[in-house]
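Residue numbers for the sequence shown, in full-length UniProt numbering: 1 to 311.
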Amino acid sequence: MAEGLTVQTVRGPVAASELGRVLPHEHVACDLFRVTRQMGLAALNDPDEAVRDLTVFKELGGGSVVEATSGGLGRKPGVLRSVSERADVHIVMGCGWYREPYYEEDMNKVSTAELTERLLIDIFEGEDGVRPGVIGEIGADREWVSGVEERVLRAAARAQRETGLGLILHAVKSEVGAWQLDVLEDEGCDLSRVAVGHCDTYPDVDYHERLARRGAMVMYDGNGPGDRLLQEQRVANAAELIRRGWAKSLLLSHDVCVLGMRERRGGPGYSYVLRQVGPDLIAAGVSEDVVETIFRENPLQLLVGRRPGDN
Ligand SMILES: [Zn+2]
1 MAEGLTVQTV
11 RGPVAASELG
21 RVLPHEHVAC
31 DLFRVTRQMG
41 LAALNDPDEA
51 VRDLTVFKEL
61 GGGSVVEATS
71 GGLGRKPGVL
81 RSVSERADVH
91 IVMGCGWYRE
101 PYYEEDMNKV
111 STAELTERLL
121 IDIFEGEDGV
131 RPGVIGEIGA
141 DREWVSGVEE
151 RVLRAAARAQ
161 RETGLGLILH
171 AVKSEVGAWQ
181 LDVLEDEGCD
191 LSRVAVGHCD
201 TYPDVDYHER
211 LARRGAMVMY
221 DGNGPGDRLL
231 QEQRVANAAE
241 LIRRGWAKSL
251 LLSHDVCVLG
261 MRERRGGPGY
271 SYVLRQVGPD
281 LIAAGVSEDV
291 VETIFRENPL
301 QLLVGRRPGD
311 N
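Below, the structure is given as structure tokens:
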């Protein structure tokens with residue numbers, strides 16, 4: 001699938017067929033605490049460690065990482081490019097704005113049209129010579145979409161339609177992802193190019209199935225060894241969603257976003273999904289082929305879309 005289509009990576013366009021196994025929601029460099037100024041929780045600002053963890057990912061057969069750091073999270077295009085070169089792993093950079101507490105003050109004072117324009121300039125011109133290849137993550141802070149978050153979502157939808165890039169949402173601990181899809185749908189956005197991030201923070205497979213029925217991708221991006229019970233539930237829910245026929249809607253990742261998630265600090269690094277979750281799904285009765293489709297093909301649905309006739 002996806003022959004002839006290319007994905008914009010931090011090292012330039014790459015054929016979609018060359019991406020290999022893709023982690024669809026990670027961070028390589030970001031700062032969750034720039035706004036909240038929580039002390040004691042350091043930003044992800046350790047490129048050497050990122051290279052180390054990405055190298056392990058590559059040794060396990062990994063090929064590409066979608067880096068969903070948007071405005072307010074301290075995006076660092078130059079760091080992404082250098083880490084990508086050193087680890088020889090493709091990185092797809094994000095764009096847009098994260099969620100309301102992370103917005104610059106002027107975000108409330110500009111129109112949807114102005115936001116769309118800013119986003120399009122970023123997508124077409126890039127920053128430090130690096131162009132985004134995906135929109136997001138675009139968030140709702142709480143279980144509702146605030147006024148200014150709705151404007152950002154509308155701008156993201158318009159940019160999605162204009163550029164054909166995929167769109168990653170941040171939607172936690174509630175059914176707010178459905179509300180976000182309503183806004184995107186209102187803008188005529190193709191929901192099959194939208195991934196609802198953090199679905200596993202609201203572990204209700206019926207809700208996930210409703211999102212998938214609308215055409216959206218369901219993202220379980222909290223995979224890791226931290227909480228064994230939660231991880232067992234995550235794998236069981238993934239297997240259940242697959243059993244219900246939604247294997248092609250599922251995306252699996254780690255959302256590495258703080259230093260404690262590096263492999264040497266006991267976190268998932270970028271390898272836990274390939275090393276552990278794949279085998280766990282197979283043990284839960286999912287076929288190897290389906291697992292491989294989830295790793296290779298599903299992220300392409302987000303990044304470039306399926307050709308007509310693909311299913
Ligand atoms: Zn994230």
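Glycine included, every Cβ here is placed at the ideal spot set by N, Cα and C. None of these values were measured; they are calculated from a predicted model.
Buried or exposed: where does residue i fall if 16 or more other Cβ atoms within 10 Å of its Cβ makes it buried?
{"i": "N311", "result": "Note that N311 has pLDDT 45, beneath the 50 cutoff, so the model's placement of it is unreliable and the number below is only indicative. Result: exposed."}
{"i": "R264", "result": "exposed"}
{"i": "F124", "result": "exposed"}
{"i": "G12", "result": "exposed"}
{"i": "E59", "result": "exposed"}
{"i": "R213", "result": "exposed"}
{"i": "G266", "result": "exposed"}
{"i": "I168", "result": "buried"}
{"i": "D182", "result": "exposed"}
{"i": "G177", "result": "buried"}
{"i": "A15", "result": "exposed"}
{"i": "P279", "result": "exposed"}
{"i": "D227", "result": "exposed"}
{"i": "G260", "result": "exposed"}
{"i": "G269", "result": "buried"}
{"i": "P308", "result": "Note that P308 scores a pLDDT of 44, beneath 50, so its modelled location is shaky and nothing firm can be said."}
{"i": "G166", "result": "buried"}
Measure the alpha-carbon distance for residue i versus residue j and round it to whole angstroms.
{"i": "L211", "j": "V218", "result": "7 angstroms"}
{"i": "V277", "j": "S111", "result": "43 angstroms"}
{"i": "I242", "j": "V286", "result": "8 angstroms"}
{"i": "R296", "j": "E117", "result": "32 angstroms"}
{"i": "L32", "j": "L44", "result": "8 angstroms"}
{"i": "V196", "j": "R75", "result": "21 angstroms"}
{"i": "D186", "j": "W179", "result": "11 angstroms"}
{"i": "P47", "j": "V83", "result": "6 angstroms"}
{"i": "G133", "j": "P77", "result": "12 angstroms"}
{"i": "S17", "j": "V56", "result": "22 angstroms"}
{"i": "A283", "j": "E137", "result": "32 angstroms"}
{"i": "L229", "j": "E100", "result": "31 angstroms"}
{"i": "A155", "j": "L119", "result": "8 angstroms"}
{"i": "N223", "j": "S253", "result": "6 angstroms"}
{"i": "D88", "j": "M107", "result": "36 angstroms"}
{"i": "E292", "j": "A239", "result": "14 angstroms"}
{"i": "L300", "j": "S146", "result": "30 angstroms"}
{"i": "N298", "j": "V172", "result": "21 angstroms"}
{"i": "E150", "j": "A157", "result": "10 angstroms"}
{"i": "C95", "j": "E288", "result": "33 angstroms"}
{"i": "A216", "j": "G129", "result": "31 angstroms"}
{"i": "G164", "j": "V51", "result": "30 angstroms"}
{"i": "H90", "j": "Y207", "result": "32 angstroms"}
{"i": "Q8", "j": "R131", "result": "7 angstroms"}
{"i": "G4", "j": "E162", "result": "20 angstroms"}
{"i": "N237", "j": "V290", "result": "15 angstroms"}
{"i": "W246", "j": "E209", "result": "7 angstroms"}
{"i": "G86", "j": "C30", "result": "Here residue 86 is Arg; the residue named in the question, Gly, does not match the sequence. Their Cα atoms are separated by approximately 18 angstroms."}
{"i": "D190", "j": "L73", "result": "26 angstroms"}
{"i": "M1", "j": "L184", "result": "Annotation note: pLDDT 49 at M1 (below 50); position unreliable, coordinate value reported separately. M1 and L184: Cα-Cα distance of roughly 26 angstroms."}
Taking the alpha carbon of residue i as the reference point, which residue from the options has its own alpha carbon closest?
{"i": "E143", "options": "I135, E175 and E162", "result": "E175"}
{"i": "V79", "options": "V28, V56 and W97", "result": "V28"}
{"i": "A42", "options": "R34, R193 and A140", "result": "R34"}
{"i": "Q233", "options": "L251, D204 and R275", "result": "D204"}
{"i": "residue 317", "options": "C30, V92, G139 and R193", "result": "Residue 317 is absent from the structure shown; the chain starts at 1 and stops at 311."}
{"i": "A113", "options": "A87, Y272 and L153", "result": "L153"}
{"i": "L302", "options": "E104, V92 and A50", "result": "V92"}
{"i": "V256", "options": "G245, Y272, L115 and R151", "result": "Y272"}
{"i": "R81", "options": "Y103, G96 and E127", "result": "E127"}
{"i": "L281", "options": "V235, I294 and A68", "result": "V235"}
{"i": "L251", "options": "V130, G164 and C199", "result": "C199"}
{"i": "E105", "options": "T6, H170 and V148", "result": "V148"}
{"i": "T69", "options": "H170, R86 and L115", "result": "H170"}
{"i": "D141", "options": "I135, R161 and Y103", "result": "Y103"}
{"i": "D122", "options": "K109, G71, R86 and G139", "result": "G71"}
{"i": "G305", "options": "Q160, E49 and D221", "result": "Q160"}
Does ligand 2 have a heavy atom nearer than 6 angstroms to the CB of residue i?
{"i": "L250", "result": "With respect to ligand 2, the structure offers nothing, as its ligand set consists of ligand 1."}
Counting beta carbon pairs with one atom in the region 59 to 74 and one in the region 9 to 23, are three or more of them shorter than 8 angstroms? yes
Taking a cut-off of 6 angstroms, which residues have a beta-carbon closer than that to any heavy atom of ligand 1, in chain order? H25, H27, A68, E137, D255 and C257
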